[in-house]
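Numbering (this note's numbering), first residue to last: 6 to 137. Each residue gets a CB set at the ideal place from its N, CA and C atoms; glycine is no exception. Keep in mind it's a predicted model, so treat the numbers as computed, not measured.
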């Protein structure tokens with residue numbers, strides 16, 4: 006049996022996290038955009054806040070993303086200490102996924118960041134203050 010703290014176990018946990026379509030899309034968007042708020046990913050992927058939060062929590066628990074709180078808003082980015090092997094896999098996946106497959110998500114995210122998000126107080130992506 007492989008110990009839970011082993012490299013093999015940690016890699017298996019991370020790869021399992023990437024093996025779900027919504028989480029993979031989130032990781033690809035985070036790799037492209039840097040840091041995003043829950044609301045950004047919710048709008049980009051056209052999913053509910055609870056679904057976005059659930060998937061982000063899974064990615065956080067697997068060690069793929071880090072989070073930070075700004076007022077009432079949670080922001081996520083790829084982990085700075087991401088296993089180099091997983092970082093290479095993510096880079097490879099970015100190159101392997103055709104641009105058009107994430108085009109709608111990118112369009113929704115760009116539109117959200119440019120217009121609608123400005124009405125959400127406290128969201129970093131909207132340029133509002135952190136206190137909300």
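> With respect to the beta strand (DSSP E) encompassing residue 72, which residues constitute its N-terminal and C-terminal limits?
Replying inline: Mapped onto the chain shown, residue 72 falls at position 67. 70-75 is the extent of the beta strand (DSSP E) around residue 72.
>> Check this for me: beta carbons of residue 27 and residue 80, under 7 Å apart or not?
In response: Here residue 27 is taken as the residue at index 22 of the chain shown, counted from 1. Here residue 80 is taken as the residue at index 75 of the chain shown, counted from 1. Contact: no.
> Do you know offhand how far residue 46's Cα is from residue 24's?
Replying inline: One-based indexing of the chain shown puts residue 46 at position 41. One-based indexing of the chain shown puts residue 24 at position 19. Going by the C-alpha atoms only, they are around 18 Å apart.
> From which residue to which residue does the alpha helix (DSSP H) around residue 25 run?
Replying inline: Numbered from 1 along the chain shown, position 20 holds the residue referred to as residue 25. No alpha helix (DSSP H) holds residue 25; DSSP gives it neither H nor E.
> Are residue 49 and residue 101 touching if we call contact CB-CB under 7 Å?
Replying inline: Translated into positions along the chain shown, residue 49 becomes position 44. Translated into positions along the chain shown, residue 101 becomes position 96. Contact: no.
>> To the nearest angstrom, how far is the alpha carbon of residue 82 from that of residue 11?
In response: Translated into the one-based positions of the chain shown, residue 82 becomes position 77. Translated into the one-based positions of the chain shown, residue 11 becomes position 6. Those two C-alpha atoms are separated by around 24 Å.
> Curious, which full-length beta strand (DSSP E) runs of at least 3 residues does the stretch 43-108 contain?
Replying inline: 70-75 and 78-83
> Cα separation between residue 52 and residue 107?
Replying inline: Translated into positions along the chain shown, residue 52 becomes position 47. Translated into positions along the chain shown, residue 107 becomes position 102. Spanning the two alpha carbons is a distance of roughly 14 Å.
> Can the beta-carbon of residue 70 be found closer than 7 Å to that of residue 84?
Replying inline: Walking along the chain shown from the start, residue 70 turns up at place 65. Walking along the chain shown from the start, residue 84 turns up at place 79. Cβ distance < 7 Å, so residue 70 and residue 84 count as in contact.
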